[in-house]
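Q: Can you read through this structure? Questions will come right after.
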Amino acid sequence: MNQAALRFDLPDPHLLALQVVEDDIDAYQHVNNAVYVTWCDRVAWDHSAALGLPIERCLELDRGMAVVRTVINYLRPALRGDALLIATWILPAESRVCIRRRFQLLRTSDGTTLSRAEVEYACLELSSGRPTRWPAEFRQRYVVRPAVLDGLTELGPV
Numbered sequence: 083m084n085q086a087a088l089r090f091d092l093p094d095p096h097l098l099a100l101q102v103v104e105d106d107i108d109a110y111q112h113v114n115n116a117v118y119v120t121w122c123d124r125v126a127w128d129h130s131a132a133l134g135l136p137i138e139r140c141l142e143l144d145r146g147m148a149v150v151r152t153v154i155n156y157l158r159p160a161l162r163g164d165a166l167l168i169a170t171w172i173l174p175a176e177s178r179v180c181i182r183r184r185f186q187l188l189r190t191s192d193g194t195t196l197s198r199a200e201v202e203y204a205c206l207e208l209s210s211g212r213p214t215r216w217p218a219e220f221r222q223r224y225v226v227r228p229a230v231l232d233g234l235t236e237l238g239p240v
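If you want my numbering, it's the 1-based position in the sequence shown plus 82.
If you want it as structure tokens, here you go:
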């Protein structure tokens with residue numbers, strides 16, 4: 083299926099292509115639920131790097147984002163050999179310390195949404211492990227796009 087024909091929940095996603103490999107498969111012959119969490123982490127890091135905040139810069143700033151809460155809805159199984167696209171969007175922050183991301187995983191062959199997730203992160207001072215306010219560079223880069231805000235009013239919670 084053409085990527086332009088895929089239906090994403092929100093506009094302007096950051097996308098990462100994935101391929102289900104043998105190590106992703108569990109005893110039930112589908113992708114293990116823990117792998118979905120890894121995929122969310124992978125696309126979040128890819129998106130952060132694309133925004134100008136790769137891991138190296140976070141280490142220089144002594145700031146990072148730690149997962150506080152994860153909600154995943156598993157809708158359909160991903161299977162051996164599936165080609166997938168995972169999308170992410172930054173959602174409005176609910177505090178000066180936290181940020182949320184929305185995720186959607188699609189199978190590219192038929193456009194089926196396999197899962198949706200939302201992850202809340204807290205900003206940490208890496209050297210102490212303590213929560214802290216976002217540095218200016220985070221505030222400049224982790225910006226919610228207006229089109230995403232408009233789409234959220236229709237979409238609602240995960």
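Just so you know, even glycine gets a beta-carbon here, dropped at the ideal spot from N, CA and C. Everything numeric in this text was worked out from a predicted model, so none of it was measured.
CB THR170 to CB PRO95, shorter than 8 Å?
A: A contact, by the Cβ cut-off of 8 Å.
Q: Determine the burial state of CYS178: buried for a count of at least 16 other Cβ atoms within 10 Å of its Cβ, exposed for fewer.
A: Here residue 178 turns out to be Arg, not Cys, going by the sequence shown. Exposed, since its Cβ has fewer than 16 Cβ neighbours within 10 Å.
Q: Hey, how far is the Cα of GLU207 from the Cα of PRO213?
A: If you take the alpha carbons of GLU207 and PRO213, they lie about 6 Å apart.
Q: Going straight from the alpha carbon of VAL103 to that of ARG162, what length do you get?
A: Cα to Cα, the separation comes out at about 6 Å.
Q: So, using beta-carbon positions, are TYR203 and VAL150 closer together than 8 Å?
A: Contact flag set, yes.
Q: Given a cut-off of 8 Å, decide if LEU157 and LEU196 are closer than it, judged by their beta-carbon atoms.
A: It is a contact, given that the beta carbons lie within the stated cut-off.
Q: At the level of alpha carbons, what is the spacing between GLY193 and LEU141?
A: Straight-line Cα distance between these residues: approximately 37 Å.
Q: Compare the beta carbon distance of LEU98 and VAL125 with 8 Å and say whether it is the shorter of the two.
A: The answer is yes: Cβ separation under 8 Å.
Q: Note down the Cα distance separating ARG198 from GLN186, rounded to an integer number of angstroms.
A: Using only the alpha carbons, I get a separation of about 5 Å.
Q: Are the beta-carbon atoms belonging to ALA165 and SER130 less than 8 Å from one another?
A: No, the Cβ-Cβ distance between ALA165 and SER130 is not below 8 Å.
Q: Looking at the ligand MN, does it come within less than 7 Å of VAL225, judged from the CB to the closest heavy atom?
A: Absence of the ligand MN from the depicted structure is noted, as is the absence of any ligand whatsoever, leaving it without description.
Q: Less than 8 Å between the C-beta atoms of ILE172 and TYR110, yes or no?
A: No. Outside cutoff.
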